[in-house]
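Those letters in the sequence shown? Residues -13 to 160, per the working numbering, in order.
Every residue, glycine too, gets a C-beta built ideally from N, C-alpha and C.
If you're wondering where the values come from, they're calculated on a predicted model, not measured in any experiment.
I have placed the structure first, in the form of structure tokens, so that the comments after it can refer back to it.
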Amino acid sequence: MKHIYKYLLGLLVFAAVSCKKDQPAVEYSPIFPISGEWHTHVFNEDGSNVATLNPSTGKSFSLSLAALSTYNTADNDDDIAWLKFSTVAYPFGILAKVKVDVPSVAILPGEYVNILPVKNTSIHLIEAKILQNASKQPSGVLADSILVKYKTGVDNKVYMIKGHRRTQWPDDQR
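Written out as structure tokens, the structure is:
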């Protein structure tokens, strides 16, 4: 009978110890809050919608929702990030390493090399800013807002990419 009590006591101690769960530490990118996935739209410098010719089809189209990604480099630098605008539509596609200033939550202006296989091989970043909690989403969640103003090396036009951080809430995915 004493052995049963010992086993029950051991089982009770084991059960009590196994219930305690430590919360894992959240690891952020060294460029957080600049890093993220953004739902964006492209506009002309005057704020009008962009309509352009698709070089492969020759048909006019306008860009609606497009994804912009900002993420850290493989070296985990805290002052350099990748800026990727996921469209190879002429002349909007961007994939460039850009300089960032994490304390001021900004992507620094300057000349950058676009490594996408498109005619637009140079990007002049005029302005890029992230406004924290500046956009209220349909789900009621506040999200960061982004504005990227740049000039392409192909047509020398100024374009603006405006949008908000992707929240992953179903209501916000429309």
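query = Buried or exposed: which applies to Val12, given that a residue is buried once 16 or more other Cβ atoms fall within 10 Å of its Cβ?
reply = exposed
key: Distance CB(Thr26)-CB(Gly149) smaller than 7 Å   = yes
key: Candidates Leu111, Val127 and Ile116: closest to Lys143 by CA position   = Leu111
Proximity winner among Tyr145, Ala53, Val91 and Arg151, relative to Val134 (alpha-carbon distances) = Tyr145
task = Compare the Cα-Cα distances from Ile17 to each of Ala82, Phe29, Ile93 and Glu31 and report the closest residue.
result = Ile93
request  = In the DSSP assignment, find the unbroken beta strand (DSSP E) run with Ser55 in it and report its ends.
outcome  = Ala52 to Asn58
ask   = So which of Asp141, Glu31, Pro19 and Ser131 has the shortest CA-CA distance to Arg117?
value = For the sequence presented, residue 117 should be read as Leu rather than Arg. It is Ser131.
key: Inter-residue spacing [alpha-carbon to alpha-carbon] between Ser156 and Gln123   = For the sequence presented, residue 156 should be read as Pro rather than Ser. If I take the Cα positions, the gap works out to 11 Å.
query = Roughly how many angstroms lie between the CA atoms of His(-11) and Val127, to the nearest whole one?
reply = 57 Å
task = Report the rounded CA-to-CA distance for Pro10 versus Ser34, giving the unit in angstroms.
result = 46 Å
key: CB-CB length for Ile20 against Ala52, believed under 8 Å   = That belief does not hold up - the Cβ atoms of Ile20 and Ala52 are roughly 19 Å apart, past 8 Å.
task = Go ahead and label Ala82 buried or exposed: buried means 16 or more other beta carbons lie within 10 angstroms of its beta carbon, across all protein chains shown.
result = buried
inquiry  = With the cut-off set at 7 Å, would you say Thr107 and Gly79 are in Cβ contact?
reply    = no
request  = Would you mind reading off the limits of the beta strand (DSSP E) that contains Phe71?
outcome  = Ile66 to Phe71
request  = With a 10 Å radius around its C-beta and 16 neighbouring C-beta atoms as the bar for buried, classify Tyr(-7) as buried or exposed.
outcome  = exposed
query = Using the C-alpha atoms, what's the distance from Val84 back to Ser90?
reply = 15 Å
message = Could you compute how far the alpha carbon of Asp65 sits from the alpha carbon of Val88?
response = 7 Å
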